[in-house]
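Visitor: To start, I am sharing the structure in question, which I have written as C-alpha cells.
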Amino acid sequence: MSFTDLTEVDEPRRKALKTAKVANLDKAYATAALKSNFATAFLSKSRSKDDSTGAEVYASPFRHVSLPGFIDDADFIDDLIAELQSLDMQDKNNDLYKFKQSVELKHVNTPCIKAFRNVLQGQVLPWLHDITAFPLNNKIDMFCSNYDYTDTLLCHDDELEERHIAFIYYLVPASWSKEDGGTLDLFDADDKGQPNSIVKSILPVQNQFVFFEVTPASFHQVSEVLTEEKTRLAISGWFHGPPIARPQPYTEPAIPISSCGGIEEMVFFDWINPVYISQEIQNDIRERFESESELELSDFLKDEKYEELVAAMQSDDRAWTHRGPPNKRNYDVCKAENLPAVAQTFAQILRSDAMFLLLSSMTGLQLHDNPAADAEGVANGSDAKGDTAKCRVEAQRFQHGSYTLLHDTDPHAGEMALDLVFFLGGAEWSMDCGGYISYVAKGEDDELLSVSPAPNSLALVYKDRETLRFTKHINHRVTKAKEPQYCTIAASYYENAD
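Every number in our numbering is 24 more than the matching position in the sequence shown, counting from 1.
See below:
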C-alpha cells in the first residue's frame, strides 16, 4: 500500500479529530482545599470565598454558588457561542416569561455543545456531589436561552418533580453591564413561604457558572433585558435526584365579596353615558355578548366625569400601595377608604343595584332578582333588589414592571364570574408594551382573547370555571409611550345563587 493510500484511509479519522472538541472545568476548582472549604460552607449554610478564583458560596437568601472562569479555554468558549447562536430558537411567551429557547441540548451533537455536555456529566456532576452531598443521579436537563430587549423571566421557584440544583452558564458579551439588565435576582421569603423582595442581583459575566439549590423558597427571576444591542446568551438547566417531600403551598385567603347597594338617581345618570341607558342599545349589546361572551364599551362615562376621575386618580401618589407577592402579581392598589372622593363615588356606582341591573340587562346573566326591570327604574328606587348577586371591586395601577401571573393556589380560579375592567389612561397603548389582559383556557397555551387598555373604556368578559386570566408584564417599551401607565377600576360579579 502506498503513502497515498494510507492518507486516504486515515482522512475520515483525521477530519473527525479536527472537529472533535474537548473542554475542561478550570483546574483551580479541583483543588482539595477549595472543595473542602466550599463543602463545609455549603453544608453549614455559611459563606465562603476562594481568593484565587473569585468563586463564592452564599447561604442567603438560599444556598447558591458563583464560579467565575468556569471553562479553562477561551477559544472553546468562542466556538461554543458560535454553535449556540446557530441553533434554531423557539419563542417562549406566556404570563411568566418572554424569551427564546433551544431544544434540549442533549439532542444536539455539535462539537462544542457535546463537549460542554461531557463537562457537566463527567466533571461538574461529581464535583457537585462532593460540595453539596445531594443524592444526584445522572439526569441533567440543559437548554440554551436568548434574552433580547424586553425579555424576562418573572418570579418563580423552579420547584418541579425531581429538580435538586438549578444552574446557569453565562455566555454574554464581555461588555455586559448592570444597565443592560438581565440579572439573576434572588428573593427572600416571608413567614408564609412567599417571596418578599429582591435581596441580591447577580450580573451575568461571560464564562461564569452559577448554581443554587431548588427549594420551596428558592424564588428568583431574570430581570428584564434593557439593552437593544446585546443578547443575554446562556445555557441553563437542572441536576436531578430522587423526589423530595415538599410542604403544601400557601393559599391566599379569597378577597371578600359584597352585595349590591343603593345609589342616588342623579348620581347614576350624571355618570353613565346615556347611550348605554337606552334599552334598545342594551338589547343590541346583550345579543353581542351572548354570542361572544365579551365586549368593550367605549366612552362608558360622560366625558366630564371621566376627566375628573382620571385627574383624581393621578393626583396623589401616596394613596397607592404595592400588591404582591411577586410570584403572583406586581402592581399598585388603592384601598377603598383612601380613594379620592370622586373615585369612591364611581366604586359605589359599580357596586350599586342599578349597575347590577344594567349589567344583567347587557349580558343576560342573573345579576339581579328582577331582570325585567330597567336601570332607570332601579335608580329611581324601585323595589327590585339584587340581593343574592355579589361583587368585589379593586382600584389598580399598572406601570413599567407591573404584571399578574397564573398560579395553582389562586382562590378565585374556577369561579364563574363576569369580569369588568374600566380603564383610566393608556391612550394609544401598544400591545408591544405588554399590559394587556389575556384570557386562556386552563391547561392550554393558546390565548382565547385579550383586552388592551383604552381611555374611558369598559371591558366585560364572562369567565367560566375553565378560563384563567393574567395581565402581561409591562416592559421597557412603555417608557417611550405617550402615557406610560394606566389605572383600572376592576370588578368581578357573581350571579344569583340558585
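Every residue, glycine too, gets a C-beta built ideally from N, C-alpha and C.
Using only CA atoms, which one of Asn133, Pro135, Lys138, Leu108 lies nearest to Gln125?
Guide: Residue Leu108 is the option with its Cα nearest to Gln125.
Visitor: Since Leu24 and Phe494 should fall inside the 8 Å C-beta cutoff, what is the C-beta to C-beta distance between them, to a whole number of angstroms?
Guide: Within the shown structure, residues of the chain are numbered from 25 to 522, placing residue 24 beyond reach of any answer.
Visitor: Assign Tyr355 to buried or exposed, taking buried as 16 or more other Cβ atoms, counted over all protein chains shown, within 10 Å of its Cβ.
Guide: Buried, since its Cβ has 16 or more Cβ neighbours within 10 Å.
Visitor: Go ahead and label Ser26 buried or exposed: buried means 16 or more other beta carbons lie within 10 angstroms of its beta carbon, across all protein chains shown.
Guide: With a pLDDT of 39 at Ser26, under the threshold of 50, the modelled position of this residue cannot be trusted; read the value that follows with caution. So Ser26 counts as exposed.
Visitor: Would you kindly check if the distance between the Cβ of Asn61 and the Cβ of Ser72 is under 8 Å?
Guide: It is a contact, given that the beta carbons lie within the stated cut-off.
Visitor: Counting C-beta neighbours from all protein chains within 10 Å, is the total for Thr43 16 or more, i.e. buried, or is it exposed?
Guide: Exposed: under 16 other Cβ atoms inside 10 Å.
Visitor: Within a Cβ cutoff of 6 Å, which residues of the same chain sit near Pro508, ignoring the five residues on either side of it in sequence?
Guide: Result list for Pro508: Val502, in chain order.
Visitor: Are Gly449 and Ile498 touching if we call contact CB-CB under 8 Å?
Guide: Their beta carbons are not under 8 Å apart, which means Gly449 does not touch Ile498 by this criterion.
Visitor: When you compare only the Cα positions, how much space is there between Ile222 and Trp295?
Guide: Near 43 Å, if we compare the C-alpha coordinates of Trp295 and Ile222.
Visitor: How would you label Ala515, buried or exposed, when you count the other beta carbons within 10 angstroms and need 16 or more for buried?
Guide: Result: buried.
Visitor: Just to confirm the assignment, what range does the alpha helix (DSSP H) spanning Ala213 have?
Guide: Here Ala213 belongs to no alpha helix (DSSP H); instead the beta strand (DSSP E) covers 208-213.
Visitor: Return the CA-CA distance between Val148 and Asp115, expressed in angstroms with no decimal places.
Guide: One C-alpha to the other measures close to 29 Å.
Visitor: Indicate the three-state DSSP secondary structure (helix, strand or coil) for Val334 in the structure shown.
Guide: In the structure shown, Val334 sits in a helix (DSSP, three-state: H, G or I).
Visitor: Measuring alpha carbon to alpha carbon, tell me which of Glu203, Gln218, Asp204 ends up nearest Leu210.
Guide: Ranking Glu203, Gln218, Asp204 by Cα distance to Leu210 puts Gln218 first.
Visitor: Around the C-beta of Pro435, are 16 or more other C-beta atoms found within 10 angstroms, so that it is buried, or is it exposed?
Guide: Exposed.
Visitor: Specify whether the region 352-367 and the region 416-428 touch according to this definition: at least 3 beta carbon pairs, one from each stretch, less than 8 Å apart.
Guide: With the cut-off at 8 Å, the region 352-367 and the region 416-428 touch.
Visitor: Throw me the rounded Cβ distance for the Leu363 and Ala419 pair, which I believe falls under 8 Å.
Guide: The Cβ separation is near 6 Å, so the contact holds.
Visitor: Is Met440 closer than 8 Å to Arg375 when the C-beta atoms are compared?
Guide: Not closer than 8 Å, so no.
Visitor: Nearest-angstrom Cα distance between Asp50 and Leu91?
Guide: Going by the C-alpha atoms only, they are around 10 Å apart.
Visitor: Count the other CB atoms within 10 Å of the CB of Asn351; is the residue buried (16 or more) or exposed (fewer)?
Guide: Under this definition Asn351 is a buried residue.
Visitor: Excluding sequence positions up to five away, which residues of its chain have a Cβ less than 6 Å from the Cβ of Trp453?
Guide: Ser476, Pro477, listed in sequence order.
Visitor: Check each candidate in Ala367, Thr512, Asp99 and name the one with the smallest Cα separation from Glu332.
Guide: Closest option to Glu332, Cα to Cα, is Ala367.
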